[in-house]
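These notes are about the structure you will find just below.
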Amino acid sequence: MNIHATPKGEIKLGRAARQPVADCDLHPVPNSIRDLFPYMEKRWRDHLDAFGSRRRQGIYQGPVYPKGQPDAARRDAWPPGGRPGSSLAFMQEQHLDANAVELGVLTVINPHPGNYQNPEQSIAMCRAVNDWQVAEWIEKDKRLKGSILTAYEHGAAAVAEIERLAGDPNFVQVFFLSRTAQPLGNRCYWPIYEAAVRANLPIGIHAFGNSGFPITSSGWPSYYVEEMAGHAQSCQSQVTSLVLEGVFEAFPNLRIVFIESGFGWLPALSWRLDRHWNKLKAENPALNRLPSDYIREHIWITTQPMEEPERPRHLLDICEWIGWDRILYASDYPHWDFDDPAHCLPGDVSDENRQKLFLNNALSLYGLDRASP
Amino acid sequence: MKPPRIGAIDCDIHPALPGLSSLIPYLSEHWREMVQQSGLHELESMNYPPGAPLSARADWRPVQGKAGASLEQIRSQALDPFGTSLAICNCLYGVQLLFSEDMAAGLSRAVNSWMAREWLDREERLRASIVVPMQSPELAVKEIEHWAHDKRFVQVLMLVSGDMPLGRRHFWPIYAAAARHGLPVGIHAGSSFRYPTTAVGWTSYYAEDYVNQSQAFQTTLTSLICEGVFSKYPELKVVLIESGFTWLPSHLWHLGKFWRGLRMEVPWVDRPPFEIVRDQVRLTLQPADAPPDANKFERLIEHMQSDKLLLFSTDYPHWQFDGDEALPDGLPETMIRKILVDNPRETYPRLMELVP
Amino acid sequence: MSKHVVAPLADLPPGSRKLVTVKGRPVVVFNVDGELFALVDRCPHKGGSLCEGKLTGLVQSTEPGHYSYSRPGEILRCPWHGWEFDIRTGKSQCEPERIKAKSYAVGVEHGGELNEGPYTLETFPVMVEQDYVVVTI
């Protein structure tokens, strides 16, 4: 159980806020992969039983960097008889109701067939996960919205899935994992961007996935703690690629959300990009504006896992430099590095900025506020 | 802003090897012959395409030949304009690119010999890093042992992206040797391209590769900390060279957060990452990657929570600033002398020793 | 400071823990091999309920590659971000001098003595012949 005592003494972080929040990173999980079977043809059920899924890694099931806790979940988030994130009722009580979640954006990363090596399996199972989201979650709780999984390494197939679900109010974004087989600016992904823009959907890019390359530019680190810290680096490479390849020139209406890689790194990257692009711009004449301009206009970022400076005020500088209108609260429920909306943000943030970060930015981005068409 | 002329110590300049032919006199007879037999190409690295605007500032490019290839150029362009009293030479000739450990070791010896004879012997303001064959820690240690007695060599030089993350135990003999001799380990921007320059594959543009160097430094710093290099070698100093530094505070906030919950995985990390960095890691100044707003930059410097971290550098002849504006605007007045003189002296104890 | 009877000892056998409320505060009491410890049920990091955390032992190291494991059952990991706390002292493992979970003195008193006061009793009857867990806040 959670005890929501009003903070006293040691911590002066924030207020015990029960304002409504939009949670932009909520992880439903099937208790077993077989929960997806009703949404898959027999061929793919049999295939899964015989061959499993191939994900550019060696372990048949589970992560190559063992987590810090089972299922990388909070210890108190295990529903009776199930895996963390597998029970809507448990999630409602522990998180959606308790934390006044008004909008919960589902981000299915486990499983995430978009990353599978087998292209046809990837296509079939992305479709299954999307249908499962609707039937088992979104239709059962009106606060929830889904993210469209696609076989993103296989452009045309990904486009087909986006087109299948375009206009479906159950979904608010297209969804990738962040360690893609090529940097995201690469032209192999441009058809997907085009389809997303046509469907008026942002694209959420969430930490993890397997590119098939080591998770750093100098090879494989030893430890899980390094992998966790490293999502910030791989997402910086993705921002760099999107900007310098001219994706935002080609798709002026594209919106991208980076999810679960923290956000403290974005200003320094913007400054660095501006400095060096200024010298090297002849290399790709397609860009007409500063990288930081493209970032400011096209990129949103979620809060979690929120960086923890020794002086909490320093984090608020980062929020100002990014822009309070670009940062989205995310819990990452039910994972262990979860951010509780009542206690995650340092104090003395204005009500207006708090409202933006915790609710309005997401409603606006995902077209769910009154102002959106 | 122009640095005041107070005898600055420039911790990153790049004299250029004119070409392989300049190394010939310093190669062993065997390697001389092998170079001829194989028709070995110049080891120019993709890290700095020779003609790219960043590789050499336009007004530092001579009409013929490479920027920084002559003593005259180094004196008139890198040292004199800033009143520099000492400068550390980091030769970036691409010996780390080769796969043959032995050839890399043979060429490293030649590069260091060339540096000693043609630069250090001729200009008393110059010091140098020992270029080592990263391909083999054993051979790298031999190279360190060979030069360690010459106090004009003040650092061991590695590239940030090699065969595996630099914190891995595979590299520890190098750190042990460096620590033994009181030499900092300088980790310089650049890859030996064993892997793509990102975790997500090969880039399309050089500009991406260059910007991504700061990500390589972030993961490398994570590796050095998490593998326990700093607790194993408490006397060791590591200098991140041409790494940028504006990413440092948020990176440490991020890593520190995870470490507190995952301490059991790496129990030899006995203090917060920020404290380790404050004690044992330094970063050179250029590229400063500063925002145009000096107030934001000043605020970022405050986030760093230490005035000991930055070491003055011009990164000559790479194009990181214009004119003589080698210091970014917004540096607190009280930090300028520390950056220009005190921090480098403290980081490189050998700098103040006389040449034998 | 006042003493509070929170539970019969029989409700807290070795290896167990119990969440109680004392003076309006949630407090988790542990019985480790017969020794009792009490911590506020609130992680000083972000407020996770420590009562839901797993107990483990102390993992230490003299140098990279070396691991020692001692004091099984005496280190509590917060169920959220996994911070380790020594349940004897409340001190965190990551920064013991700076970060700790608030701990309280806790002991066992016999029912007969409790009737003589001065103890604040919770709302259950105290039996003279039984032992009770008493927390001092």
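Protein sequences, first through last, are from chains B, L and A.
Start counting at 1 in the first sequence, then tack on 71, and there's your number in the working numbering.
Start counting at 1 in the second sequence, then tack on 188, and there's your number in the working numbering.
Start counting at 1 in the third sequence, then tack on 833, and there's your number in the working numbering.
Cβ atoms here follow ideal geometry from the backbone N, Cα and C, with glycine treated the same way.
Nothing here was measured: the structure is a model prediction, and the numbers come from that model.
Neighbourhood of residue i by C-beta, 8 Å cutoff - its chain only, sequence neighbours within 5 removed
| i | result |
| --- | --- |
| Arg356/L | Ser411 and Glu415 |
| Pro285/B | Trp291 |
| Gly207/L | Glu230 |
| Leu436/B | Pro273, Arg326, Val328, Trp371 and Leu399 |
Nonlocal neighbours in the same chain, by C-beta distance under 6 Å from residue i, ignoring five residues either side
| i | result |
| --- | --- |
| Phe329/B | Ile276, Cys306 and Ile372 |
| Val967/A | Lys836, Val838, Gly940 and Glu942 |
| Leu515/L | Met189 and Pro191 |
| Leu861/A | Checking the displayed sequence, the identity of residue 861/A turns out to be Val instead of Leu. Arg850, Leu852, Leu872, Asp874, Leu883 and Cys884. |
| Trp348/B | Pro362 |
| Ala76/B | With a pLDDT of only 30 at Ala76/B, under the threshold of 50, the placement of this residue in the model should not be trusted; the figure read from the coordinates follows. If we look at Ala76/B and ignore the five residues flanking it on each side, it has no Cβ neighbours. |
| Ile375/L | Met346, Val348 and Leu428 |
| Lys420/L | none |
| Ser273/L | Gly195 |
| His369/L | Ala336 |
Under 8 Å between C-beta atoms of residue i and residue j
| i | j | result |
| --- | --- | --- |
| Asp94/B | Tyr400/B | yes |
| Leu107/B | Trp208/B | no |
| Asp495/L | Met523/L | yes |
| Pro912/A | Arg384/B | no |
| Phe319/B | Leu325/B | yes |
| Val426/L | Val399/L | no |
| Gly923/A | Ser936/A | yes |
| Ile104/B | Pro182/B | yes |
| Ala237/B | Glu112/B | no |
| Asp198/L | Ile276/L | yes |
| Tyr383/L | Ser289/B | yes |
| Asp964/A | Leu869/A | no |
| Phe418/L | Leu424/L | yes |
Beta-carbon contacts of residue i that lie in its chain and below 7 Å, excluding the five residues immediately before and after
| i | result |
| --- | --- |
| Val230/B | Pro262, Ile263 and Ala266 |
| Asp170/L | Examination of residue 170/L is not possible in this model, given that chain L is present from 189 through 544 alone. |
| Leu231/L | Tyr281, Gly282, Val283 and Leu285 |
| Leu440/L | Pro461, Phe462 and Val465 |
| Ala143/B | His406 and Trp407 |
| Ser296/L | Val283, Val319, Val320, Pro321 and Glu331 |
Where residue i meets chain A, residues with beta-carbon distance less than 9 Å
| i | result |
| --- | --- |
| Pro192/L | Chain A residues near Pro192/L: none, gap ~39 Å exceeds 9 Å. |
For residue i, the first and last residue of its enclosing alpha helix (DSSP H)
| i | result |
| --- | --- |
| Met346/L | Where Met346/L is concerned, there is no enclosing alpha helix (DSSP H), although the beta strand (DSSP E) it sits in stretches over Phe341 to Ser349. |
| Tyr363/L | Trp360 to Arg368 |
| Ile318/L | Run containing Ile318/L: none in the alpha helix (DSSP H); it sits in the beta strand (DSSP E), Leu314 to Val319. |
| Val860/A | Per DSSP, Val860/A belongs to no alpha helix (DSSP H); it is in the beta strand (DSSP E), Arg858 to Val865. |
| Ile375/L | Counting along the chain, Ile375/L falls outside any alpha helix (DSSP H), though it belongs to the beta strand (DSSP E) covering Val373 to Ser379. |
| Arg466/L | Pro461 to Gln468 |
| Ser437/L | Reading off the sequence, residue 437/L comes out as Pro, not Ser. It spans Leu436 to Leu450 - the alpha helix (DSSP H) in which Pro437/L sits, taken as one unbroken run. |
Host beta strand (DSSP E) of residue i (start-end)
| i | result |
| --- | --- |
| Ala840/A | Lys836 to Pro841 |
| Tyr937/A | Ser936 to His943 |
| Ala275/L | Leu274 to Cys277 |
| Glu868/A | Glu868 to Val873 |
Proximity test, residue i beta-carbon vs the ligand ZN heavy atom, cut-off 7 Å
| i | result |
| --- | --- |
| Val373/L | What this structure holds is no ligand at all, so the ligand ZN is not there to describe. |
Contacts of residue i in chain B (Cβ-Cβ under 7 Å)
| i | result |
| --- | --- |
| Trp913/A | Arg145, Trp407 and Phe409 |
Residues that residue i contacts on chain B, provided the C-beta gap is smaller than 8 Å
| i | result |
| --- | --- |
| Asn400/L | Ser288, Gln307, Ser308 and Thr311 |
| Pro241/L | Lys350, Leu351 and Ala353 |
Amino acids of chain L, ordered along the chain, whose beta-carbon sits closer than 9 Å to that of residue i
| i | result |
| --- | --- |
| Glu928/A | Arg448, Arg459 and Pro460 |
| Asn19/B | There is simply no residue 19/B to check, as chain B begins at 72 and stops at 444 in what is shown. |
| Gly333/B | Ser438, Trp441, His442 and Lys445 |
Interface partners of residue i on chain L, CB under 7 Å
| i | result |
| --- | --- |
| Glu316/B | Ser392 |
Listed by chain order, chain A residues near residue i by CB distance under 7 Å
| i | result |
| --- | --- |
| Lys420/L | Glu896 and Pro897 |
| Glu415/L | Pro897 |
Chain-ordered neighbours of residue i on chain B, where CB pairs are closer than 9 Å
| i | result |
| --- | --- |
| Leu354/L | Ser289 |
| Ala404/L | Thr287, Ser288, Ser289 and Gln304 |
Chain-ordered chain L contacts of residue i [CB-CB under 8 Å]
| i | result |
| --- | --- |
| Thr251/B | Val388 and Gly389 |
| Glu917/A | Arg451 and Met452 |
Just by C-beta distance, which residues in the stretch 409-421 of chain B are closer than 9 Å to chain A? Within the stretch 409-421 of chain B, the residues whose Cβ lies closer than 9 Å to any Cβ of chain A are, in chain order, Phe409, Asp410, Asp411, Ala413, His414 and Cys415.
Residues of the stretch 877-908 of chain A whose Cβ lies closer than 7 Å to any Cβ of chain B, in chain order: Residues of the stretch 877-908 of chain A with a C-beta less than 7 Å from any C-beta of chain B: Pro877, Lys879, Gly880, Ser882, Glu885, Gly886 and Lys887, listed in chain order.
Got a sec: which bits of the stretch 379-392 of chain B sit with their beta carbon under 9 Å from any beta carbon on chain A, in order along the chain? Going along the stretch 379-392 of chain B in chain order, one finds Glu379 with a Cβ nearer than 9 Å to chain A.
Against chain A: residues of the stretch 450-477 of chain L by CB proximity under 7 Å: Taking a C-beta cut-off of 7 Å against chain A, the contacting residues of the stretch 450-477 of chain L are Leu450, Arg451, Met452, Pro455, Trp456 and Pro460, listed in chain order.
Residues from the stretch 122-140 of chain B in contact with chain A, defined by Cβ distance under 9 Å: Those would be Gly139 and Gln140, in chain order.
Can you pull out the residues from the stretch 256-270 of chain B whose beta carbon lies closer than 9 Å to at least one beta carbon of chain L? Residues passing the 9 Å Cβ filter: Gly256, Asn257 and Arg258.
Taking only beta carbons into account, state which residues of the stretch 427-443 of chain L come closer than 8 Å to chain B, listed in chain order. Within the stretch 427-443 of chain L, the residues whose Cβ lies closer than 8 Å to some Cβ of chain B are Gly432, Thr434, Trp435, Pro437, Ser438, His439, Trp441, His442 and Leu443, listed in chain order.
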